[in-house]
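Worksheet: the structure to be examined is printed underneath.
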Amino acid sequence: MIQLRHLLATADLDRASAVEVLDTAATMAATQARQIKKLPPLRGRTVVNLFFEDSTRTRISFETAAKRLSADVINFSPKGSSVSKGESLKDTVLTLGAMGTDAIVVRHAASGAPHRIAHSGWTNAAVVNAGDGTHEHPTQALLDAYTIRHHLAGGTGDLAGLSVVIVGDVLHSRVARSNVRLLETLGANVTLVAPPTLLPVGVETWPCAVSYDLDQAIDQIKPDALMMLRVQHERMSAAGGGYFPSPAEYQREYGLDVPRLGRLADAAIVLHPGPMNRGLEITSAAADGVRSVIVEQVANGVAVRMAVLYLALTGKEER
Ligand code: ASP
Ligand code: CP
30 MIQLRHLLAT
40 ADLDRASAVE
50 VLDTAATMAA
60 TQARQIKKLP
70 PLRGRTVVNL
80 FFEDSTRTRI
90 SFETAAKRLS
100 ADVINFSPKG
110 SSVSKGESLK
120 DTVLTLGAMG
130 TDAIVVRHAA
140 SGAPHRIAHS
150 GWTNAAVVNA
160 GDGTHEHPTQ
170 ALLDAYTIRH
180 HLAGGTGDLA
190 GLSVVIVGDV
200 LHSRVARSNV
210 RLLETLGANV
220 TLVAPPTLLP
230 VGVETWPCAV
240 SYDLDQAIDQ
250 IKPDALMMLR
260 VQHERMSAAG
270 GGYFPSPAEY
280 QREYGLDVPR
290 LGRLADAAIV
300 LHPGPMNRGL
310 EITSAAADGV
320 RSVIVEQVAN
330 GVAVRMAVLY
340 LALTGKEER
């Protein structure tokens with residue numbers, strides 16, 4: 030069994046370890062179908078959720094995952110803390126460490142903050158990145174891969190040969206960055222589709238194809254999985270930020286609507302990391318339709334985060 034020292038980026042995982050995380054998540058998921066969902070392995074361990082940016086799914090599912098494994102959970106948010114008095118990230122981490130912390134799950138607006146916490150000598154805790162700036166969101170990519178594997182690869186092994194199209198605001202998306210790397214590691218073929226203004230400089234060096242045309246991508250690639258990304262208004266300067274002419278035009282060119290849904294292959298699935306802008310990148314008909322696995326993604330997030338915490342916090346001997 031692998032032991033994860035930290036999980037900061039999907040590049041931390043080679044194919045065998047990524048498959049092992051997914052397999053461990055499948056074992057965890059099986060236990061969650063039982064009436065009594067709580068397991069003992071993290072009894073006596075403390076997990077701190079250090080969330081400097083807002084979150085619904087990730088924060089609650091890490092909390093649920095840690096509690097299901099019997100860990101003690103401390104939720105920290107800057108609002109109401111001494112961060113408002115100017116306390117630094119270093120002093121916040123040192124303070125939490127002084128109270129005995131085994132794992133720190135961190136979300137931060139600054140790309141690289143989890144890396145800094147993990148490698149600064151401020152803590153011995155395992156650090157799990159729950160989303161840093163526009164950089165990475167590795168457990169999101171793992172739960173996406175888990176969901177794709179469950180539906181399209183029989184729930185085992187890797188994703189060799191599957192095609193995944195990721196659509197939308199790639200520029201601001203840590204979900205896209207983590208997914209491109211992990212899906213490629215797992216053997217899938219990935220294509221990014223976005224307006225040129227919402228693609229980052231250097232995207233041509235990423236291990237994926239790039240297109241500006243969603244209709245062409247749907248018809249030519251015939252994706253097994255279509256992942257819609259949220260337009261991240263909060264990371265754009267003004268409304269729309271000049272990244273696209275208008276919401277209506279974005280919806281027309283890059284939104285998933287019923288006609289586009291109808292041209293997908295019969296077995297194709299639709300993913301979205303959430304939260305959704307219904308009516309912009311995805312219509313309600315697509316979000317709530319039979320191909321949508323968006324609610325399943327959230328459920329799978331608990332099993333994947335149980336697996337990550339378990340692999341990070343239990344040593345070989347203990348297992
Ligand atoms: N919830 C995801 C994230 O925090 C995706 C998004 O917000 O659009 O990266
Ligand atoms: N997918 C995701 O990270 O959602 P939250 O921002 O609500 O945690």
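If you read the sequence shown in this note's numbering, its first letter stands for residue 30, the second for the next number, and so on. Glycine is no exception: its CB is placed at the ideal position from the N, C-alpha and C atoms.
Same chain, Cβ closer than 6 Å to residue i, five either side skipped, listed in chain order
i: G303; result: R86
i: N153; result: none
i: V204; result: H166, Q169, P302
i: D286; result: T312
i: A45; result: none
i: H164; result: S140, R203
i: P288; result: none
i: L218; result: Here residue 218 is Asn; the residue named in the question, Leu, does not match the sequence. Cβ within range, chain order: S192.
i: R264; result: H201
i: G216; result: D187, L188, A189
i: F80; result: R88, S106, R136
i: T214; result: R44, A47
i: E49; result: I31
i: Y279; result: F273
i: M57; result: A332, M335, A336
Residue i versus residue j: straight-line alpha-carbon distance, rounded
i: A59; j: T226; result: 43 Å
i: I65; j: A189; result: 35 Å
i: G308; j: L98; result: 38 Å
i: N329; j: Y175; result: 7 Å
i: E346; j: S149; result: The predicted model places E346 with a pLDDT of 48, which falls under 50 and marks its position as unreliable; any figure quoted below should be read in that light. For E346 and S149, the distance between alpha carbons rounds to 28 Å.
i: G126; j: V299; result: 41 Å
i: D43; j: D52; result: 14 Å
i: S111; j: N78; result: 16 Å
i: G231; j: P69; result: 45 Å
i: V333; j: Y339; result: 10 Å
i: D296; j: R320; result: The question names Asp, yet the displayed sequence has Ala at residue 296. So the two alpha carbons sit approximately 8 Å from each other.
i: T185; j: A55; result: 9 Å
i: R74; j: S117; result: 25 Å
i: G291; j: H180; result: 19 Å
i: I195; j: Q61; result: 29 Å
i: A246; j: D101; result: 46 Å
i: Q32; j: A40; result: 15 Å
i: I17; j: R281; result: Because the chain in this structure spans residues 30 to 348, residue 17 falls outside the shown range and cannot be described.
i: V134; j: V76; result: 7 Å
i: G344; j: V327; result: 28 Å
i: A314; j: K114; result: 46 Å
i: V209; j: A238; result: 10 Å
i: F273; j: E325; result: 31 Å
i: L172; j: S275; result: 32 Å
i: E310; j: Y283; result: 7 Å
i: L221; j: G197; result: 8 Å
i: T124; j: W151; result: 10 Å
i: A277; j: E92; result: 38 Å
i: G318; j: G183; result: 22 Å
i: K108; j: S266; result: 23 Å
Proximity winner among the options, relative to residue i (alpha-carbon distances)
i: I323; options: R259, S113, E233; result: R259
i: A223; options: S207, E278, A315, L243; result: L243
i: D120; options: H137, I146, G141; result: I146
i: L255; options: L212, G271, H262; result: L212
i: G129; options: A155, S106, P143; result: A155
i: V331; options: L33, G73, S46, S90; result: S90
i: L228; options: E263, Y241, N218, S106; result: Y241
i: A38; options: V219, L342, V157, V48; result: V157
i: V122; options: P143, G291, V102; result: P143
i: K251; options: R63, I195, A294; result: A294
i: A382; options: S266, H35, L290, G291; result: Because residue 382 is not part of the residues shown, which for the chain are 30 to 348, the question remains open.
i: W235; options: D253, R206, D248; result: R206
i: E82; options: D317, F105, L171; result: F105
i: G162; options: A138, D317, Q249, R178; result: A138
Beta-carbon proximity list for residue i, same chain, < 7 Å, skipping 5 on both sides
i: K67; result: R97, S99
i: N306; result: R259, V260
i: R348; result: Bear in mind that a pLDDT of 43 at R348, under 50, signals an unreliable position, so the number given afterwards is only what the model happens to contain. The residues are M30.
i: L200; result: L227, L228, P229
i: L342; result: L71, R74, D131, A132, A155
i: A94; result: V331, R334, M335, L338
Cut-off 8 Å between Cβ atoms - residues of its own chain near residue i, not counting five sequence neighbours on either side
i: S84; result: R136, A159, G160
i: D253; result: I177, L181, L191, S192, V193, A294, A296, A297, I298
Minimum Cβ-Cβ distance from residue i to chain C less than 9 Å
i: D41; result: Included in the structure is just one protein chain, with no chain C present.
- Message: Please give me, in chain order, every unbroken run of the beta strand (DSSP E) with length at least 3 that falls completely inside the segment 94-178.
- Response: 101-105, 132-137, 155-161
- In chain order, what residues have a CB nearer than 7 Å to some heavy atom of the ligand ASP? S84, R86, T87, G160, H166, Q169, S202, R203, V204, L258, R259, Q261, P302, G303, P304
- Task: List in chain order: all unbroken beta strand (DSSP E) runs of 3+ residues lying wholly within the segment 186-261.
- Result: Listed in chain order, the beta strand (DSSP E) runs fully inside the segment 186-261 are 192-196, 218-222, 238-240, 254-257, counting runs of at least 3 residues.
- What are the start and end residues of each continuous alpha helix (DSSP H) run of 4 or more residues lying completely inside the segment 33-97, in chain order? Within the segment 33-97, the alpha helix (DSSP H) runs of at least 4 residues that lie entirely inside it are, in chain order, 44-60, 86-97.
- At 3 residues or longer, and completely inside the segment 276-341: list those beta strand (DSSP E) runs for me, N to C. 298-300
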